[in-house]
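Each residue of the sequence shown is one higher than the last, beginning at 40 in the numbering used here. Using N, Cα and C, we set each Cβ at its ideal position, and we do this for glycine too.
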Amino acid sequence: MSENPTLPAATAPTAGAPAVVLVHGAFAESAGWAEVAQTLSSHGLDVVAVANPLRSVAGDAAYLTDVVRGLGRPVVLVGHSYGGMVITQAADALGEQVRALVYVAAFVPERGESALELSGRHPGSTLGETLLAYPVATGGNEFRIDPARFAAQFAADVSAELAATMALTQRPVTEAALTEALSVEPAWKRLPSWAVYGDGDLNIPAAALASMAERAGVRGSTVVEGASHAVGVSHPDAVATAVLAAVAAAGSVTAGA
């Protein structure tokens, strides 16, 4: 376990390196990866930030699978929050195309576990009381965080201006997605995996994140002191360093952290 790791110097493009596919979670969107993506690109990596539909674990994973297969090359999958459910599900279908996994303040599920179940196993989450719910045409509800409470709940260590923008551009998630269980054997049992999260996370308690990372036997677990659930926005270098370590494990880039 480490805190605030040092980012290695940028490098020239590296032939044969896996692509990095970034998958956001609930109440976020793909632009939230901007600084992480820019840093990884400066290390010569090809990066794709996927627009996660946030409709269902199986459906979101199927969409991610299509995107990755379209790349036609090995990848490292990086998931934030609910995105951890999605990359774990998708990695099963993608087989050897996935070389490593990185969980960023993310769920690291076992088969049969849902995001809702995992978030409630340890005390400390205040997410529920900040949610606004409304029905969707396909049945059930979807949720978004009350914009007036978004900054304190999701992005307490992000500038007020940026947090306000994030609140307005957040993408809602369905109740079905949060309650749907992982239906496959988790890929972290066969793939090298990393975890990065903040000890100030109010969405998924740090104790839950630590427990899931330990259970998964991650190769590296980075705890960023004081970081919120939006750790990829507030501490992009910590996230990029973990991703570079994952790429290095795939045998293509030296992380140097």
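Within the same chain, Cβ atoms closer than 6 Å to the Cβ of residue 190 are found at 202, the five residues on either side in sequence being excluded. By a beta-carbon distance limit of 8 Å, residue 65 does not contact residue 104. Their separation comes to about 20 Å. Looking at the backbone, the Cα of residue 130 and that of residue 137 are separated by about 6 Å. Fully contained in the stretch 172-207 are the following alpha helix (DSSP H) runs of length 4 or more, in chain order: 186-193. The count of Cβ pairs closer than 8 Å, one atom from the stretch 225-232 and one from the stretch 249-269, reaches three, so the stretches are in contact. Burial check for residue 174: the Cβ neighbour count within 10 Å stays below 16, so the residue is exposed. Burial state of residue 172 is exposed, judged by a 10 Å Cβ sphere holding fewer than 16 other Cβ atoms. Residue 161 is a Cβ neighbour of residue 247, given a cutoff of 9 Å. The alpha carbon of residue 80 has as its nearest neighbour, out of 275, 289, 288, the alpha carbon of 275.
By alpha-carbon distance to residue 284, the top candidate from 140, 267, 250, 150 is 140. Residue pairing for residue 233: DSSP places it in a beta bridge opposite 141, 259. Cα atoms of residue 197 and residue 156: separation of roughly 28 Å, rounded to the nearest angstrom.
Within the same chain, 244, 246 come within 7 Å of residue 163 by CB-CB distance, once the 5 residues on both sides are set aside. When the alpha-carbon of residue 242 is set against those of 264, 221, 268, the nearest one is in 268. A direct Cα-Cα distance of roughly 43 Å separates residue 170 from residue 55.
Assigned with DSSP and collapsed to three states, residue 147 falls in coil, not helix or strand. Within its own chain, the residues whose Cβ lies closer than 8 Å to the Cβ of residue 95, once the five positions on either side in sequence are excluded, are 213, 215, 216, 219, listed in chain order. Membership of residue 279 in any beta strand (DSSP E) is not indicated; the residue belongs instead to the alpha helix (DSSP H) covering 275-288. In this structure residue 97 does not touch residue 124 by the C-beta definition: roughly 10 Å separates them, more than the 8 Å allowed. Around the beta carbon of residue 185, a 10 Å sphere encloses fewer than 16 other beta carbons of the protein chains shown; the residue is thus reported as exposed. Per DSSP, the beta-bridge partners of residue 170 are 184. In this structure, residue 142 keeps its C-beta atom at 9 Å or more from the C-beta atom of residue 159.
Closest option to residue 83, judged by alpha-carbon separation, among 58, 178, 182: 58.
In this structure, residue 102 lies away from residue 113, with their beta-carbon atoms at least 9 Å apart. For residue 115, the closest alpha carbon among the candidates 89, 99, 183 is that of 89. With fewer than 16 other beta carbons inside 10 angstroms of its own, residue 207 counts as exposed.
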